[in-house]
Structures are given as structure tokens and as C-alpha cells.
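J.: So in this note's numbering, spot 685 of the sequence shown is number 927, and the numbers just go up one at a time.
Quick one: structure below, then a few questions.
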Amino acid sequence: MKKLAAAVSLAVFFGMGASIAQAQSTDPGTQARLDATKRVDSKFIRANGAGKTADWPSYGLDYSEARFSKLDQVNAGNVKQLGLAWTYNLESTRGVEATPLVVDGIMYVTATWSVVHAIDTRTGQKLWTFDPKVDKTKAYKGCCDAVNRGVAMYEGKIFLGAFDGRLIAIDAATGKMVWEKNTVEGQKGNYTITGAPRVIKGKVVIGNSGADFGVRGFVTAYDAKTGAQKWRWFVVPGDPSKPFEDASMAKAAKTWDPSAKYWEHGGGGTAWDSITYDPDLNLMYVGTGNGSPWSHKARSPKGGDNLYLASIVALNPDTGKYVWHYQETPGDNWDYTSTQPMILTDLKIDGKQRKVILHAPKNGFFFVIDRTNGKFISAKNFTEVNWASGYDKNGRPIDIPGARDGSKPRDSIPGPYGGHNWHSMSFNPQTGLAYIPQQNIPLNIMDDKTWKFNEAAPGRPQSGTGWNTAELLNVEQPKSKPSGRLVAWDPIAQKEAWGVEHVGPGSGGTLTTAGNLVFQGTVDGRLVAYNAKTGEKLWDSPVGTGVLAAPVTYMVDGKQYVSVAVGWGGNFGMVQRYTDQQAPGTVYTFAVGGTAKVPDYVQKKVDKLVAGVKYDPAKVQAGTLLYVANCLACHGVPAVDRGGAIPNLAYLDAAYIENLDKFILKGPATDRGMPDFTGKLSMGDIDAIKAFIQGTADAVRPSMAK
Numbered sequence: 243m244k245k246l247a248a249a250v251s252l253a254v255f256f257g258m259g260a261s262i263a264q265a266q267s268t269d270p271g272t273q274a275r276l277d278a279t280k281r282v283d284s285k286f287i288r289a290n291g292a293g294k295t296a297d298w299p300s301y302g303l304d305y306s307e308a309r310f311s312k313l314d315q316v317n318a319g320n321v322k323q324l325g326l327a328w329t330y331n332l333e334s335t336r337g338v339e340a341t342p343l344v345v346d347g348i349m350y351v352t353a354t355w356s357v358v359h360a361i362d363t364r365t366g367q368k369l370w371t372f373d374p375k376v377d378k379t380k381a382y383k384g385c386c387d388a389v390n391r392g393v394a395m396y397e398g399k400i401f402l403g404a405f406d407g408r409l410i411a412i413d414a415a416t417g418k419m420v421w422e423k424n425t426v427e428g429q430k431g432n433y434t435i436t437g438a439p440r441v442i443k444g445k446v447v448i449g450n451s452g453a454d455f456g457v458r459g460f461v462t463a464y465d466a467k468t469g470a471q472k473w474r475w476f477v478v479p480g481d482p483s484k485p486f487e488d489a490s491m492a493k494a495a496k497t498w499d500p501s502a503k504y505w506e507h508g509g510g511g512t513a514w515d516s517i518t519y520d521p522d523l524n525l526m527y528v529g530t531g532n533g534s535p536w537s538h539k540a541r542s543p544k545g546g547d548n549l550y551l552a553s554i555v556a557l558n559p560d561t562g563k564y565v566w567h568y569q570e571t572p573g574d575n576w577d578y579t580s581t582q583p584m585i586l587t588d589l590k591i592d593g594k595q596r597k598v599i600l601h602a603p604k605n606g607f608f609f610v611i612d613r614t615n616g617k618f619i620s621a622k623n624f625t626e627v628n629w630a631s632g633y634d635k636n637g638r639p640i641d642i643p644g645a646r647d648g649s650k651p652r653d654s655i656p657g658p659y660g661g662h663n664w665h666s667m668s669f670n671p672q673t674g675l676a677y678i679p680q681q682n683i684p685l686n687i688m689d690d691k692t693w694k695f696n697e698a699a700p701g702r703p704q705s706g707t708g709w710n711t712a713e714l715l716n717v718e719q720p721k722s723k724p725s726g727r728l729v730a731w732d733p734i735a736q737k738e739a740w741g742v743e744h745v746g747p748g749s750g751g752t753l754t755t756a757g758n759l760v761f762q763g764t765v766d767g768r769l770v771a772y773n774a775k776t777g778e779k780l781w782d783s784p785v786g787t788g789v790l791a792a793p794v795t796y797m798v799d800g801k802q803y804v805s806v807a808v809g810w811g812g813n814f815g816m817v818q819r820y821t822d823q824q825a826p827g828t829v830y831t832f833a834v835g836g837t838a839k840v841p842d843y844v845q846k847k848v849d850k851l852v853a854g855v856k857y858d859p860a861k862v863q864a865g866t867l868l869y870v871a872n873c874l875a876c877h878g879v880p881a882v883d884r885g886g887a888i889p890n891l892a893y894l895d896a897a898y899i900e901n902l903d904k905f906i907l908k909g910p911a912t913d914r915g916m917p918d919f920t921g922k923l924s925m926g927d928i929d930a931i932k933a934f935i936q937g938t939a940d941a942v943r944p945s946m947a948k
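See below:
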């Protein structure tokens, strides 16, 4: 039984997710909000970024998305005086990944299930909420929790990409819907949206998620005033027997092997997070996602680079036309998305000023790319890697022999969680350093030689909820250990300047300021300020639970504030945690001299393994395979993982496990995101799963007692 638990293993995978709302305005300041938010357009965003950065009007502060604030009222000399100014209850129980937007003291932030909150930052009081009424029974269509990374603001409207694929325009003053568009209408597969929209030259640009399930990624632009679709660019080619949408798709098709009919399982490449824009060059940059399925051999048996997976792609924002690309992971074989946040800046390299993109994608290398033409400048690994030894002068990875051999289990380092995931990095031009939330979440992968598209099969990870990876996970227990660090990286020297160890992987995004500070929330429930030059810890404050999102800073009435939206969950956070405190999603706001009371937290009860559920030991093996196919991503390994935003089933009361059928067949938790397995799992299947849960708990219990 110990081997059984180990085979399913330590680290697990992604998670859940699954819209129109009526919003209510409850305060008299509607006209003031209208006046403040109507000013926000491209000129305002640029002027704020070039000026004092008093507001935070766009996802990464400005179009460069460097998350560098010029505010220095809070600085390395007085940061110890930061105190809590106010908190705001987001009324959510799962992952919160949103970057708040703040203009003239009005904050707009999202919580789980794509709910938008407007908050008065002077008081911490609610102005309005907008609930898009996402169908929670469709949560299984998302890989990584029912999260949302935030909204865009433009000319009096707030733009929301809802989990179910709708793009919604909301009146920033009243919280009432102006228009909505189904961005995935007519497309096949389990599409979702978790990323924040961007508004570029009056167009709202949004991508989507779903490559783990089998979809074809694309990016779409809509008119900010009317919602009319202006253009769409697909990331990967479609059926070659039909006309290609444009020349870039014809070019891409030459890099795919059609023998596997890649278009039938989508191809992937979903642009689920990073979008940046250079107004001077009039180029927008899109980070693209992993292959669908993950396995290169299953997706494209004869090889090929598979454009434009795992790439940075430059598009003309007026037309959506392809301009150039740089592919960071040709022939992606490890779920190495390039959707991680990009930063636009200028660096002096070899005596010459260069317009560059800084990028630390999942694959573990830090890239410096010329953003005028997509030419490779440099790349060095910022974390341990075992798939490539480096990049040649042409920007091609130098594969480590055997790294692509999927015929036997292999530790993937970084694994599919990435050496850096969506958690926002920042760049401080005063220190010349980028601040990366680095991580290692061990995972052992192996090609699934019997994989068939959309075929649910015992032992095939999450195939019962629609996953199509063509990979088996943790057939052997990974040898590497979970870890997390804050890494300060010199992009010119391509080396680490300093680093800070965390208790585990998954800590939040970073913010850096002219006050010589770096702020980051941690997995063990703190917001921390570091000296940006040296990494010395200067201040921290408890925030109730682990932090995923990045902090922001802004000025209101002459005073600087720091805010962070807190709520544990997300892909890793659904199954694991590093704090025993439980709290709802909450916005914490700090200022020098703040004296507000910290909210009460609920202490999680001491973990006690389930006991006494009767089961047939002969059914444990079958139950193991069924659990892997249906339960693993959300609930983790029974008794091995601790449970995060979603409980580990081995720590529930025996009555839950004894009556498991009542919870997974049209059960009461479907309104919280639990899939309905009616017609998918029989009573015999459920008995086998119960045997695996109780059997694993019984096997682990003696080792816990030592």
C-alpha cells in the first residue's frame, strides 16, 4: 500500500472552474467614479507610467508591465512602520489571483468565479459587486481552479473575462453590464478564461485557456464601445484540407505532422495570460501556451517545431496580423507554456541600447529578446533544468540527450507546473534586477502509449473530466523535492543577484518600487517587503492564508498604500497548503501608521485520517486507477497531500467516504464546483474509489505515528 501511495505521489495537478449579473450601486458617488474612470484611456495609462505612477490603471501598472512603481513615500527606511489600514472580504473560498486596478481611490478587483468588486480605498467599503453567474457545475472545464487574474479599465468601463468564456463590459460607476460577448462560441472543446483582458487602442484583447483538454488557442480583439469583434488570430493551424486563415497559419502548418490529425485534438497554444504592448512600435506581444496533448510524439509523430506553441508572438494590434515570433520551446513536450508575464524595457547590452522583452517562462530559462524584431539575445536557466543544457547563438535550445524520450518514466525539471508560472514578476530599472517567483513542484511523466483523444480510461490522469495530455503522471515517485524561492535576476549578466528561500512552492507575484523595495506574498500566509538591492527582509505581516496574487501600490489623498488580494487555491493550492489558518478571500491594504484590526482567522482542525470505512482490499488497485482518472487533480493524493482550497478526502469524516455516492452523483457540492459523475462512475466504481481512499489512509497511518 505504501508503494501505491507513492506511485500516485506527492505533487498533483491542476483544478476546477465553471454567467449574467445584476449589480447594485449603493452609494452617492456614482458621478465621481464616472468622471475618474472616463479619463482612463491609452494616453492616461502612458502618462501615469511616465509620471509619478500615482494610480494603477492597468494589469501590470502600464503597458510595459514591469510592475515598477515610482512611489517612494514607503521606502526601505520606513517600511517597518507599515500597518494595516483596512481589509475587505471578497466572500470567496478558493484561489484569488487578481491584480487590483486603482484609479483616484477606486479599486476594482476580482475574486473566485469571476466576481468583480469595486471598493472605496479611502474607507475599504464596498461600492458595488458584479457577479457574472458562472455555472459552477462546469468548473471541471478549467484545469487550475475557478480563478481570475483581474480586469481592464478603459473610458468608464471595466472589462471582465469570465471563467465560462464571456467577455463582459461593465459600467465602472454603477457596476451594471453594458455588453457581453461569448468569445468561444462555435469552438470545440473545454474553453475557459482566467486571464485579465488588455485594452489596446480602443480594442479589448482576450485569449483563453483549455489546451490541457484539447482546444485550438486564439486571441480576439473587440471594440471597447460596442463589443463588435474586430479581429481574431489563431495560434496554431487548423485542418489543412481547408483554407488557412492567413499566411502565418500556412507557415505554421509546415511545422506539424498531419498524420496524427493534430487539428482534431486542437493543437493547443492557448494564450491564457500574458499580453503586452509597445505604443511606439505599435506591436502587441502574446505569450502562447503548451501543446495539446502535451506529448510531442502523440501530437506530431514525425516531430517539428509546432508553431506557434510556447512562443512570444508579435501582432499588429490594428489588424491582428502576425509580425514575428520567437519560439522558446520548439516541439514542446513538457507543458512548457510561454504565457508567463512579459516585461518590456530598454537595456544597454554590449554598449548598445536595446528595446527588449524580459521573459521567464515555465521552461526554466530567462530570456532577453529584441522586441523590435524577435531576435534572440540571450537565455540562461534561473532554476534547475534537465531538458536542455542551454541555447545556441541562434536561440535554439540544446537538448539534453534522452530528455525527449517518453518511453519510460522521467523526472521533468521543471515539471509542468513550471520553474515560474503565471505569478507576476517585476523589474526595477534602478537596481537593474527582475524579481521572479521561482518554484519546483516535482512531477514524473511518461508517454501514454495507448492514449486516444477524449477517451476516459482508468489510470489516465483526469481523463474522466476531459483532460487530454497523452502523459502518465508519477508512475514513479519524483526524486526532486518541492521548493520555492524569490530570485533577483540580473538580465544583462544573466545570473542570480540574490535569492530568498520559501517554505514551499507557489508564492505570489512581486511588486518593486523606487523606495528600494520588493513586495511578495508567501505560501505561509505573509506579505513581505525586501530590500530590492540586497534581499534583506525588512518587514512582514500576516495575511491569514497563502498568497498567490501580486501586490500593488498607489497614492490616495497624498498617502501611499500597498494592497494585495489574498486567497489560497490555484493549481497546486487546491491540493496542498503551508498554513493551517483558513480565511475567505480578502484584500489587505497597508499604509505607514495603519492601525486597523487584523480579521479573525479560522484555525483548520488538526488533520485526522479517516478510519473505519469498510472496504474490500481486492478493489484498491482498481480504485487507484479510477481515482487518478477522476479525482486526483482537485483532491490530491489521499493522506499524502494535505488538502488546500479543496479538502483531501482522507481527512474527511468517515461518513463522507461511506456515503461517497451521495456526494459525487448529483451531490450538494455541485454549486461549489464539484463535478457530477452521474453516468460516468458506477456504484462499483465508487466502491473501488472508497477502497483506495481508506486503504491508502490505513497504509500511511503507521508512518505518521512514528
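Built from N, CA and C at the ideal position, the CB exists for glycine as well.
Pop quiz: Gly529 and Arg541 are said to be a contact at Cβ under 8 Å. What is the actual Cβ separation, rounded to whole angstroms?
T.: By one-based count along the sequence shown, residue 529 stands at place 287. By one-based count along the sequence shown, residue 541 stands at place 299. Contact doesn't hold; Cβ gap of about 19 Å is too wide.
J.: Going by CA-CA distance only, name the one from Pro679, Gln719, Glu697, Ala735 that's closest to Arg727.
T.: Numbered from 1 along the sequence shown, position 485 holds the residue referred to as residue 727. It is Pro679.
J.: Evaluate contact between the segment 302 to 315 and the segment 750 to 765, counting only Cβ atoms and requiring at least three cross-stretch pairs below 8 Å.
T.: yes
J.: Tell me the rounded alpha-carbon separation between Lys430 and Ser501.
T.: The sequence position of residue 430 within the sequence shown is 188, counting from 1. The sequence position of residue 501 within the sequence shown is 259, counting from 1. C-alpha separation (whole angstroms): 21 Å.
J.: Quickly, what does DSSP pair Gln824 with across the bridge? List them, please.
T.: Taking the sequence shown and counting its residues from 1, the one referred to as residue 824 is at position 582. DSSP, once it has assigned bridges, lists Val844 as partnering Gln824.
J.: So is Gly878 buried or exposed if we call it buried at 16+ other beta carbons inside 10 Å?
T.: Residue 878 sits at position 636 when you count from the first residue of the sequence shown. Counting Cβ neighbours within 10 Å, Gly878 comes out buried, since at least 16 surround it.
J.: Check the Cβ-Cβ distances between Thr579 and every residue of chain B, and say whether any is below 7 Å.
T.: Here there is only one protein chain, and chain B is not present.
J.: Use the C-beta contact count for Ile906: other C-beta atoms within 10 angstroms, 16 or more gives buried, fewer gives exposed.
T.: In the sequence shown, the residue the question calls residue 906 occupies position 664. When all chains shown are included, Ile906 counts as buried.
J.: Please classify Thr764: is it buried, with 16 or more other beta-carbons within 10 angstroms of its beta-carbon, or exposed?
T.: Numbered from 1 along the sequence shown, position 522 holds the residue referred to as residue 764. It counts as buried.
J.: Which runs of the beta strand (DSSP E) fall wholly inside the segment 364 to 426 and span at least 3 residues, in chain order?
T.: 367 to 372, 394 to 396, 399 to 403, 408 to 413, 419 to 424
J.: Note down, one range per segment and in chain order, each beta strand (DSSP E) of at least 3 residues found wholly within the segment 487 to 535.
T.: 517 to 520, 525 to 529
J.: CA-CA distance, Ala941 and Lys650?
T.: Residue 941 sits at position 699 when you count from the first residue of the sequence shown. Residue 650 sits at position 408 when you count from the first residue of the sequence shown. Cα-Cα distance, rounded: 27 Å.
J.: Which residues bound the alpha helix (DSSP H) around Gly958?
T.: Within the shown structure, residues of the chain are numbered from 243 to 948, placing residue 958 beyond reach of any answer.
J.: Sorted by chain position, which residues of the same chain lie with C-beta nearer than 6 Å to Gly469's C-beta, five sequence neighbours on each side aside?
T.: Here residue 469 refers to the residue found at position 227 of the sequence shown. Correct list, in chain order: Trp421, Lys423.
J.: Measuring alpha carbon to alpha carbon, tell me which of Leu902, Tyr803, Gly915, Cys876 ends up nearest Lys312.
T.: Position 70 of the sequence shown, counting from 1, holds the residue named residue 312. The option with the nearest alpha carbon to Lys312 is Tyr803.
J.: How long is the line joining the alpha carbons of Asp362 and Asn686, rounded to whole angstroms?
T.: For the purposes of this step, residue 362 is identified with residue 120 of the sequence shown, where counting begins at 1. For the purposes of this step, residue 686 is identified with residue 444 of the sequence shown, where counting begins at 1. If you take the alpha carbons of Asp362 and Asn686, they lie about 47 Å apart.
J.: Quick one: measure Cβ to Cβ for Gln323 and Val834, integer angstroms, because I've assumed they're closer than 8 Å.
T.: Taking the first residue of the sequence shown as 1, we reach residue 323 at position 81. Taking the first residue of the sequence shown as 1, we reach residue 834 at position 592. About 5 Å; that satisfies the 8 Å criterion.
J.: Between the C-alpha atoms of Pro703 and Lys445, what's the straight-line distance to the nearest angstrom?
T.: Stepping through the sequence shown from its first residue, residue 703 is reached at position 461. Stepping through the sequence shown from its first residue, residue 445 is reached at position 203. Approximately 39 Å between the Cα atoms of the pair.
J.: If you follow the alpha helix (DSSP H) that His877 is in, where does it begin and where does it stop?
T.: To locate residue 877, count along the sequence shown from 1; it is residue 635. Residue range 874 to 877 is occupied by the alpha helix (DSSP H) that includes His877.
J.: Compare the C-alpha of Ser620 against each of Ile599, Pro643, Phe401, Asn628 and name the closest.
T.: For this step, residue 620 is matched to residue 378 along the sequence shown. For Ser620, the nearest C-alpha among the options comes from Ile599.
J.: Give the straight-line distance between the Cα atoms of His601 and Thr866, rounded to the nearest whole angstrom.
T.: Counting from one through the sequence shown, the residue named residue 601 turns up at place 359. Counting from one through the sequence shown, the residue named residue 866 turns up at place 624. Roughly 39 Å separates the two Cα atoms.
J.: In whole angstroms, what separates the C-alpha of Thr268 from that of Gln582?
T.: On the sequence shown, residue 268 is found 26 positions in, with the first residue counted as 1. On the sequence shown, residue 582 is found 340 positions in, with the first residue counted as 1. Low confidence applies here, because Thr268 scores a pLDDT of 46, under 50, leaving its location unreliable and the question unanswered by this model.
J.: Whole-angstrom Cβ separation of Gly937 and Pro859, contact assumed at under 8 Å?
T.: Counted from its first residue, the sequence shown places residue 937 at position 695. Counted from its first residue, the sequence shown places residue 859 at position 617. Taking the Cβ atoms as the reference, Gly937 lies roughly 6 Å from Pro859, within the contact range of under 8 Å.
J.: Within the continuous beta strand (DSSP E) that includes Gln681, where are the two ends?
T.: As a working mapping, residue 681 is identified with position 439 in the sequence shown. 675 to 682 is the span of the beta strand (DSSP E), which, as asked, contains Gln681.
J.: Between which residues of its own chain and Gly632 is the CB-CB distance below 7 Å, once the five residues before and five after are set aside?
T.: On the sequence shown, residue 632 is found 390 positions in, with the first residue counted as 1. Answer for Gly632: Ile640, listed in chain order.
J.: Going residue by residue through the segment 269 to 331, where are the continuous beta strand (DSSP E) segments of at least 3 residues, counting only ones entirely within it?
T.: 324 to 331
J.: At what residue ranges does the segment 611 to 679 contain a whole run of the beta strand (DSSP E), taking only runs of 3 or more?
T.: Secondary structure remark: continuous beta strand (DSSP E) runs of at least 3 residues inside the segment 611 to 679, in chain order: 618 to 623, 630 to 633, 639 to 641, 668 to 670.
J.: Thinking C-beta only, is Gly811 closer than 7 Å to Ala887?
T.: Looking up residue 887 in the sequence shown gives position 645. Looking up residue 811 in the sequence shown gives position 569. Closer than 7 Å, so yes.
J.: According to DSSP, simplified to helix, strand and coil, what is Ser334?
T.: Stepping through the sequence shown from its first residue, residue 334 is reached at position 92. The answer is coil: DSSP assigns Ser334 none of H, G, I, E or B.
J.: Are the beta-carbon atoms of Asp515 and Leu551 separated by less than 7 Å?
T.: Locating residue 515 in the sequence shown gives position 273, counting from the first residue. Locating residue 551 in the sequence shown gives position 309, counting from the first residue. No, Cβ-Cβ distance for Asp515 and Leu551 is not below 7 Å.
J.: Cα-Cα, which of Leu303, Gln367, Gly800, Gly674 is closest to Glu738?
T.: In the sequence shown, the residue the question calls residue 738 occupies position 496. Considering only alpha carbons, the answer is Gly674.
J.: What separation, rounded to the nearest whole angstrom, lies between the Cα atoms of Phe493 and Tyr578?
T.: Reading the sequence shown from its first residue, position 251 is the one you call residue 493. Reading the sequence shown from its first residue, position 336 is the one you call residue 578. Residue identity differs from the one stated: residue 493 is Lys in this sequence, not Phe. Roughly 22 Å separates the two Cα atoms.
J.: By a C-beta neighbour count over all protein chains shown, 10 Å radius and 16 as the cutoff for buried, is Val840 buried or exposed?
T.: As a first step, residue 840 must be located in the sequence shown, where it is residue number 598. Flag for Val840 reads exposed.
J.: Taking the straight line between their C-alpha atoms, what separation do you get for Asn209 and Gly456?
T.: Shown here, the chain extends from 243 to 948; a query on residue 209 therefore has no answer.
J.: Can you tell which of Pro656, Ala414, Thr614 has the C-alpha that lies nearest to the C-alpha of Glu626?
T.: Mapped onto the sequence shown, residue 626 falls at position 384. For Glu626, the nearest C-alpha among the options comes from Pro656.
J.: Output the distance between the C-alpha atoms of Thr335 and Lys597, rounded to the nearest integer angstrom.
T.: Stepping through the sequence shown from its first residue, residue 335 is reached at position 93. Stepping through the sequence shown from its first residue, residue 597 is reached at position 355. For Thr335 and Lys597, the distance between alpha carbons rounds to 42 Å.
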